[in-house]
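Protein chains: 2
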Amino acid sequence: MLKEERQQIIMEKLRHEGKIVAVDLSAAINVSEDTIRRDLRDLADAGLIQRVHGGALLRSPAGASYKERQFMSSDAKMDIARAAVSLVQNRQVIILDGGTTTLEIARRLPIGLHATVVTNSPPIAVVLADYPDIQTVMVGGHILSPSLVTIGAATVEAFSNIHADLCMLGVCSLHPEMGVSTPDYEESLVKRIMVTNSAEVAALVTVDKLGTGAPYTVAPISDLTYIITEADTSDDMLQPYSAKGITIMKGKK
Amino acid sequence: MLKEERQQIIMEKLRHEGKIVAVDLSAAINVSEDTIRRDLRDLADAGLIQRVHGGALLRSPAGASYKERQFMSSDAKMDIARAAVSLVQNRQVIILDGGTTTLEIARRLPIGLHATVVTNSPPIAVVLADYPDIQTVMVGGHILSPSLVTIGAATVEAFSNIHADLCMLGVCSLHPEMGVSTPDYEESLVKRIMVTNSAEVAALVTVDKLGTGAPYTVAPISDLTYIITEADTSDDMLQPYSAKGITIMKGKK
DNA sequence: CTTGACAATGCGTTTATATGCATGTATTAT
DNA sequence: ATAATACATGCATATAAACGCATTGTCAAG
Numbered sequence: 173m174l175k176e177e178r179q180q181i182i183m184e185k186l187r188h189e190g191k192i193v194a195v196d197l198s199a200a201i202n203v204s205e206d207t208i209r210r211d212l213r214d215l216a217d218a219g220l221i222q223r224v225h226g227g228a229l230l231r232s233p234a235g236a237s238y239k240e241r242q243f244m245s246s247d248a249k250m251d252i253a254r255a256a257v258s259l260v261q262n263r264q265v266i267i268l269d270g271g272t273t274t275l276e277i278a279r280r281l282p283i284g285l286h287a288t289v290v291t292n293s294p295p296i297a298v299v300l301a302d303y304p305d306i307q308t309v310m311v312g313g314h315i316l317s318p319s320l321v322t323i324g325a326a327t328v329e330a331f332s333n334i335h336a337d338l339c340m341l342g343v344c345s346l347h348p349e350m351g352v353s354t355p356d357y358e359e360s361l362v363k364r365i366m367v368t369n370s371a372e373v374a375a376l377v378t379v380d381k382l383g384t385g386a387p388y389t390v391a392p393i394s395d396l397t398y399i400i401t402e403a404d405t406s407d408d409m410l411q412p413y414s415a416k417g418i419t420i421m422k423g424k425k
Numbered sequence: 173m174l175k176e177e178r179q180q181i182i183m184e185k186l187r188h189e190g191k192i193v194a195v196d197l198s199a200a201i202n203v204s205e206d207t208i209r210r211d212l213r214d215l216a217d218a219g220l221i222q223r224v225h226g227g228a229l230l231r232s233p234a235g236a237s238y239k240e241r242q243f244m245s246s247d248a249k250m251d252i253a254r255a256a257v258s259l260v261q262n263r264q265v266i267i268l269d270g271g272t273t274t275l276e277i278a279r280r281l282p283i284g285l286h287a288t289v290v291t292n293s294p295p296i297a298v299v300l301a302d303y304p305d306i307q308t309v310m311v312g313g314h315i316l317s318p319s320l321v322t323i324g325a326a327t328v329e330a331f332s333n334i335h336a337d338l339c340m341l342g343v344c345s346l347h348p349e350m351g352v353s354t355p356d357y358e359e360s361l362v363k364r365i366m367v368t369n370s371a372e373v374a375a376l377v378t379v380d381k382l383g384t385g386a387p388y389t390v391a392p393i394s395d396l397t398y399i400i401t402e403a404d405t406s407d408d409m410l411q412p413y414s415a416k417g418i419t420i421m422k423g424k425k
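Sequences listed follow chains A and Y, in order. Each residue of the first sequence is one higher than the last, beginning at 173 in my numbering. Each residue of the second sequence is one higher than the last, beginning at 173 in my numbering.
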């Protein structure tokens, strides 16, 4: 059995049962306790689990997420997602853009939430299918492979007929003057119509994207309602945005 | 044995069993461990797999893990998928219906295949994103939760503008007189337009669905080009269909 | 047909990794 | 406080990976 395979099993078991007891697990998959402990230590170092005496616990208590380590959202993104979820309300129509942060939001939506979610990201659609009271609309188009979202004329066309209460926008670059911008032209068109057709827009942005620009503009800063960023972002960096009347939210630990 | 051929085997095995153990594989196909390692290194460099000590794992992007495991197909479906793949040719436009068998087909497409695949299944779109030479079109619409496909007017509308060379149709019920039918009305409309707009149609059907009927008709038997079923289906059961001129294919072991 | 260039493969050696065990130390429970 | 359990550390061993080199097979130019 491969080490990584074992660690995947550990993560999976954790997500299902919420805890790991090292001794039990070593018996279950027939390796020494030392090996299990080493695995747990690795995972803890990677920030994926919380190590405790006798075993380990899920790092994020609510987290019923099913993601691999290398694609696992960073702490920052999880914090941002947690804050973003607090914006959504029952009976809203919500546009969820593609991206790892928005995927994290999809996972963290309250189970009982009664809403319509529109997305152009197949992975998000798959996650949403688990929620009994969420009506999911997948917007079609060409698949842009690296980011796993649909783009193109069909996508823009479909969005042009959809008007949402709230849009959760994954942001590649955010700059006080340039506004929101992205490196892919087609993607910028899709994001633009998402913004245009939403009453409120929340931009999800990790600190490394603040103050940066990319070739294609999506929308000016003034189109944003909220900027949600990680917990420890300095107020200095955010000042230019709040000065323009955007509500700044910081990630919740 | 050619290098590419081997690497294709590796990808297939990986998509299937979730892991590769270098030693086992080298024994299985009778090449040195070095060769396998070199192959794994190549694939890892190309970003297609995740290399680990002792072998390799799926690079497991958006849709892996326990959800994925539920999608692991039975032997019969794997055989059917293998046979179905032999129908696809370069430069075709292919419609892939939703369902576990078609998902299996997506996993088994040749790596170098140059084609356009149109699907209304988000999980399939996610799988296809791994293929560098496949252009993927996701058809949007409402998500039908249990089967994870899009349905509704938007879906039908989008398909009405797409004309394919080949359609791989997941089939719920197949009957000599009733033809293809399904239990969901909206789904039947989507499948119907898929069939209508494809030059050739392959119906993928496990033996338990042969000779059964469901409330909503998708298409008459005469609209089918191929019926692909599991390897050990009796000829008696298939006779009514072959009598109508449908080409019968049996799954490959 | 021959020859040279090149890629693919296999083998031997060296280096790195993973695991289990023994030992001593920390933590928890009674 | 003391026993019981869990943990970290160092070490030995087995296994896997990387590297260099020799061999083979393929293709194209001479």
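Here a beta-carbon is modelled for each residue, glycine too, at the ideal position from N, C-alpha and C.
- Distance check between SER319 (chain A) and each of Y:ASP302, Y:GLU177, Y:PRO412 and Y:VAL195 places Y:ASP302 closest, using alpha-carbon atoms only.
- Here the alpha carbon of SER360 (chain Y) sits roughly 26 Å from the alpha carbon of ARG280 (chain Y).
- Runs of the beta strand (DSSP E) spanning 3 or more residues and lying entirely within the stretch 313–394 of chain A occur at 313–316, 321–323, 336–342, 345–347, 351–354, 370–377 and 388–391, in chain order.
- Under the DSSP definition of a beta bridge, ARG223 (chain A) partners with A:ALA228.
- Straight-line measurement puts the Cα of ARG263 (chain A) at about 30 Å from the Cα of LEU316 (chain A).
- ALA386 (chain Y) and VAL299 (chain Y) have their alpha carbons spaced roughly 30 Å apart.
- Look at GLN264 (chain A) here: in three-state DSSP terms it is coil, with no helix or strand label.
- Counted as a single uninterrupted DSSP element, the alpha helix (DSSP H) harbouring VAL195 (chain A) occupies residues 194–201.
- When rounded, the separation of the alpha-carbon atoms in VAL343 (chain A) and MET350 (chain Y) is 51 Å.
- By the criterion of a C-beta distance shorter than 7 Å, ALA248 (chain A) is surrounded in its chain by THR378, GLU402 and GLY423, once the five residues flanking it on both sides are discounted.
- Setting aside the 5 residues that flank it on each side, VAL290 (chain A) is surrounded in the same chain by ILE267, VAL309 and ILE334, each with a C-beta closer than 6 Å to its C-beta; the list follows chain order.
- Using beta-carbon distances, ALA199 (chain Y) does not count as an interface residue toward chain A, since no partner is under 7 Å.
- For VAL299 (chain A), the enclosing alpha helix (DSSP H) begins and ends at 294–300.
- By the neighbour-count criterion, in which 16 or more other beta carbons inside 10 Å mark a residue as buried, GLU176 (chain Y) falls on the exposed side.
- Looking at the backbone, the Cα of TYR388 (chain Y) and that of LEU346 (chain Y) are separated by about 12 Å.
- Near chain A, meaning a CB-to-CB distance below 7 Å, the residues of the stretch 277–298 of chain Y are PRO294, PRO295, ALA297 and VAL298.
- Taking a 10 Å sphere around the C-beta of LYS416 (chain Y), we find fewer than 16 other C-beta atoms and assign the residue as exposed.
- Closer than 7 Å to the CB of SER317 (chain Y) there is at least one CB belonging to chain A.
- Straight-line spacing of the CA atoms in ILE323 (chain A) and ILE393 (chain A) works out to 23 Å.
- Residues of chain A whose Cβ lies closer than 9 Å to the Cβ of LEU229 (chain Y) are, in chain order, LEU174, GLU176, GLU177, GLN180 and GLU240.
- Residue state for VAL311 (chain A) is assigned as coil, using DSSP reduced to three classes.
- Between LEU215 (chain A) and GLN179 (chain A), the beta carbon gap of about 6 Å places them in contact (Cβ cut-off 8 Å).
- Taking GLY271 (chain Y) as the centre and dropping the five residues before and after it, the same chain places the C-beta of GLY342 closer than 6 Å to its C-beta, in chain order.
- From the beta-carbon of ALA218 (chain A), no residue of chain Y is found nearer than 8 Å; the closest lies around 14 Å away.
- The C-beta separation of ILE400 (chain Y) from ILE418 (chain Y) comes to about 10 Å, leaving the pair out of contact by the 8 Å criterion.
- Only residues of its own chain outside the window of five on either side were considered, and among them GLN180 have a CB closer than 7 Å to the CB of PRO282 (chain Y), listed in chain order.
- Residues of the same chain with a CB within less than 8 Å of the CB of ILE306 (chain A), apart from the 5 flanking positions on each side, are LEU281, LEU285, HIS286, ALA287, THR288, VAL289 and LEU300 in chain order.
- Looking at the DSSP output, MET421 (chain A) bridges to A:ILE400.
- Across the structure, SER353 (chain Y) and ALA375 (chain Y) are spaced so that their CA atoms are roughly 12 Å apart.
- Residue contact check for VAL193 (chain A) against chain Y: no CB pair falls below 7 Å.
- Per DSSP, THR405 (chain A) lies in no beta strand (DSSP E) and is assigned neither H nor E.
- Annotated three-state conformation of ILE306 (chain A) is strand, per DSSP.
- Contact between ALA326 (chain A) and VAL265 (chain A) is absent: CB atoms are separated by about 20 Å, not below the 8 Å threshold.
- The shortest C-alpha to C-alpha distance from VAL390 (chain A) to any of A:VAL373, A:THR405 and A:SER406 is the one to A:VAL373.
- Exclusion of the five residues before and after GLU276 (chain Y) leaves SER245, LYS249, MET250 and ALA253 as the residues of its chain whose Cβ lies within less than 7 Å of its Cβ.
- Taking 7 Å as the cut-off, the beta carbon of SER332 (chain Y) is found closer than this to the beta carbon of ILE365 (chain Y).
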